[in-house]
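Scroll down for the structure; my scribbles are underneath it.
There are 2 protein chains.
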Amino acid sequence: MPADQAPTRFQPLYVQVKEHLLTRIVEGYWLPGSLLPSENQLAAELGVSQGTVRKALDEMTAEKVVVRRQGRGTFVSEHTQEQALFHFFRLADTEGISPAPSSQVISVKEREPTPGEVSKLQLKEGEAVTHILRVRSLADHPVVLEDVVVSCADFPDIAAKQPLPNTLYTLYQGQYGVSILKAKENIVAVAADENDKSLLQVPIGTALLRIERLAFSIDGRPVELRYSRCSTNHYSYQIELT
Amino acid sequence: MPADQAPTRFQPLYVQVKEHLLTRIVEGYWLPGSLLPSENQLAAELGVSQGTVRKALDEMTAEKVVVRRQGRGTFVSEHTQEQALFHFFRLADTEGISPAPSSQVISVKEREPTPGEVSKLQLKEGEAVTHILRVRSLADHPVVLEDVVVSCADFPDIAAKQPLPNTLYTLYQGQYGVSILKAKENIVAVAADENDKSLLQVPIGTALLRIERLAFSIDGRPVELRYSRCSTNHYSYQIELT
DNA sequence: AAGTGGTCTAGACCACGAG
DNA sequence: TCGTGGTCTAGACCACTTG
Chain A
10 MPADQAPTRF QPLYVQVKEH LLTRIVEGYW LPGSLLPSEN QLAAELGVSQ
60 GTVRKALDEM TAEKVVVRRQ GRGTFVSEHT QEQALFHFFR LADTEGISPA
110 PSSQVISVKE REPTPGEVSK LQLKEGEAVT HILRVRSLAD HPVVLEDVVV
160 SCADFPDIAA KQPLPNTLYT LYQGQYGVSI LKAKENIVAV AADENDKSLL
210 QVPIGTALLR IERLAFSIDG RPVELRYSRC STNHYSYQIE LT
Chain B
10 MPADQAPTRF QPLYVQVKEH LLTRIVEGYW LPGSLLPSEN QLAAELGVSQ
60 GTVRKALDEM TAEKVVVRRQ GRGTFVSEHT QEQALFHFFR LADTEGISPA
110 PSSQVISVKE REPTPGEVSK LQLKEGEAVT HILRVRSLAD HPVVLEDVVV
160 SCADFPDIAA KQPLPNTLYT LYQGQYGVSI LKAKENIVAV AADENDKSLL
210 QVPIGTALLR IERLAFSIDG RPVELRYSRC STNHYSYQIE LT
């Protein structure tokens, strides 16, 4: 007994259930942090068995779209401070410890996008972007110089939201309903320039990490482009390959 | 009806099944590439239901310990050229394309480990290491200068295996039965020195990526420590955060 | 046609959290 | 005590691969 209109091709039931639930979350029917109906309720509502709902929720749990708590229920993921931090902020010291970063916003401007931004963010003709420049510090030392570019269409009037939170992703989710679950990073080594010298307090020519990050929302659209220039004197970029 | 001796605490049955299967693979009872018994055979042999075996195999599939092929069966993962390459070799050009790297071995030596190597590789007292130095090229241009350090106990007489394959992990698995499934990387930016200048053909002071990788075998032991110095003039380190 | 993994169901019991 | 997710089972049918 299929519970959904056929999407395009024959899909396993649990995939259809998953996409149905995902759609509701993306559309804001269930907000981040809210409790979903129980597996049995969803199963009854969609006309499938509880095991099928479970399999859909299992995959969504693996993708961190939802969080399950035994005895309580299943919740839409929330970008808490820790989550956003440990998931996307990869800098830590030799012990693997990352002190909570603080941020100092240098400027917030609306402007025309560059051709690279248009293609990477898949911007429409004439769409403007907001450009945030800030310095992030660990233990009171400036470590990262960050250029953040987002579409004004996705995030209108972001300049008015100041002071901006340390983790922008909680702002995106809380104020704009955009959940960042995936990102691609692209890392090269560059020499520090005049700008780096004054803002990161390193000599010109110091080797820095330059990280380009393209972040995707829950529905797979690229929504943020971010360039980070990192001093790696005291911290390193750490990641696990599996 | 439990199928395994209780490990330490009460564990779900499927976890016990998973650990049992994992042990057999680690011990070489089933070699990489070989076909496992069917789910029903395993279930009968272990005295659990087929669904429980399935759940164990599902997790092992997610961890890439095994590969399932519908209609054929479940196989122990093999480090093929592509897998090892695309899984752990993160350098690619702006289009995300990575030409097959070639390697030139500069030296292979046995020596005493440094204190850092002892602690990172968890070496026993008096255990020697093999140190491989090589240059890896993409499209005939030298791009990575690599120092690879492994324990002589894990990989005896590795010097005799020359010419070393491009992807050492296939050698580890094929000749020594050690499967690398997980690694931690630690990235900083450094300036090129004399050595980099001659081997990577870059000017002294050029910013390079320095990647420290600690690779773990299927049973969770650290077995290889590798330092890569990468020129990022034409290629960048690319990774997906999820 | 036979055997494999892939999906789906239905029902049972357990462990946890909250009232 | 009740409702939740977590585990386990047993059996059915489907889709794919091979002979």
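Protein chains in written order, with our numbering: chain A, 10 to 251; chain B, 10 to 251.
Even glycine gets a Cβ: it sits at the ideal position worked out from N, Cα and C.
- As the crow flies, the alpha-carbon of L45(A) is around 11 Å from that of S86(A).
- For S58(A), no chain B residue has a Cβ inside 9 Å of its Cβ, as the nearest lies near 14 Å away.
- Closer than 9 Å to the CB of F97(A) there is at least one CB belonging to chain B.
- At a beta-carbon threshold of 7 Å, the residues of chain A lying near N195(B) are S245, Q247, ordered along the chain.
- According to the DSSP secondary-structure assignment, D156(A) is paired through a beta bridge with L142(A), Y236(A).
- Assignment of V57(B) by DSSP, reduced to helix, strand and coil, places it in the coil class.
- R120(A) sits exposed, since fewer than 16 C-beta atoms from the chains shown fall within 10 Å of its C-beta.
- Under DSSP, L218(B) takes part in a beta bridge, and its partners are A198(B), C239(B).
- Rounded to whole angstroms, the Cβ separation of I196(B) and I220(B) is 5 Å, and the two are in contact under 8 Å.
- Counting C-beta pairs closer than 8 Å gives fewer than three between the stretch 208 to 215 of chain B and the stretch 70 to 88 of chain B, which falls short of the contact rule.
- Taking all protein chains in view, the Cβ of Y246(B) is crowded by 16 or more other Cβ atoms within 10 Å, so the residue is classified as buried.
- Straight-line spacing of the CA atoms in V76(A) and G42(A) works out to 9 Å.
- In the displayed model, P174(A) falls within coil according to three-state DSSP, outside both helix and strand.
- The continuous alpha helix (DSSP H) containing E126(A) extends over residues 124 to 129.
- Per the C-alpha coordinates, the member of E104(B), E126(B), N175(B), F19(B) positioned closest to V232(B) is E126(B).
- Distances from the CA of D166(B) to each of Q59(B), K118(B), P174(B) were compared; the closest alpha carbon is that of K118(B).
- In the assembly as shown, K133(B) is an exposed residue. Its beta-carbon has fewer than 16 other beta-carbons within 10 Å.
- Boundaries around R120(A) are those of the beta strand (DSSP E), 111 to 120, since no alpha helix (DSSP H) includes it.
- Contact annotation: V159(A) and I141(A) have beta-carbon atoms nearer than 9 Å.
- In the DSSP assignment, L209(B) falls within the alpha helix (DSSP H) that extends over 203 to 209.
- Using a 10 angstroms sphere on the CB of D149(A), the tally of other CB atoms stays under 16, which defines it as exposed.
- Using a Cβ-Cβ cut-off of 9 Å, E104(A) does not count as an interface residue toward chain B, since no Cβ of chain B sits closer than that to its own.
- Exposed is the label assigned to A109(A), since fewer than 16 other Cβ atoms lie within 10 Å of its Cβ.
- Per DSSP, the continuous alpha helix (DSSP H) segment holding L22(A) begins and ends at 22 to 35.
- For S245(B), the enclosing beta strand (DSSP E) begins and ends at 245 to 250.
- Against chain A, a Cβ distance below 9 Å from K129(B) picks out nothing, because the smallest value is about 11 Å.
- Annotation for L223(A): K129, A192, K193, P231, L234 place their beta carbon closer than 7 Å to its own, counting only its chain and skipping 5 residues before and after.
- Each residue's CA atom was taken as its position, placing T83(B) and F164(B) some 28 Å apart.
- S146(B) is positioned such that its CB atom lies closer than 9 Å to that of Q113(B).
- From the beta-carbon of K206(A), no residue of chain B is found nearer than 9 Å; the closest lies around 14 Å away.
- In summary, S207(B) is exposed, with fewer than 16 beta-carbon neighbours lying within 10 Å of its beta-carbon over all protein chains present.
- H88(B) is bridged by DSSP to nothing; it lacks a bridge partner.
- Beta-bridge analysis with DSSP links G183(A) to no other residue.
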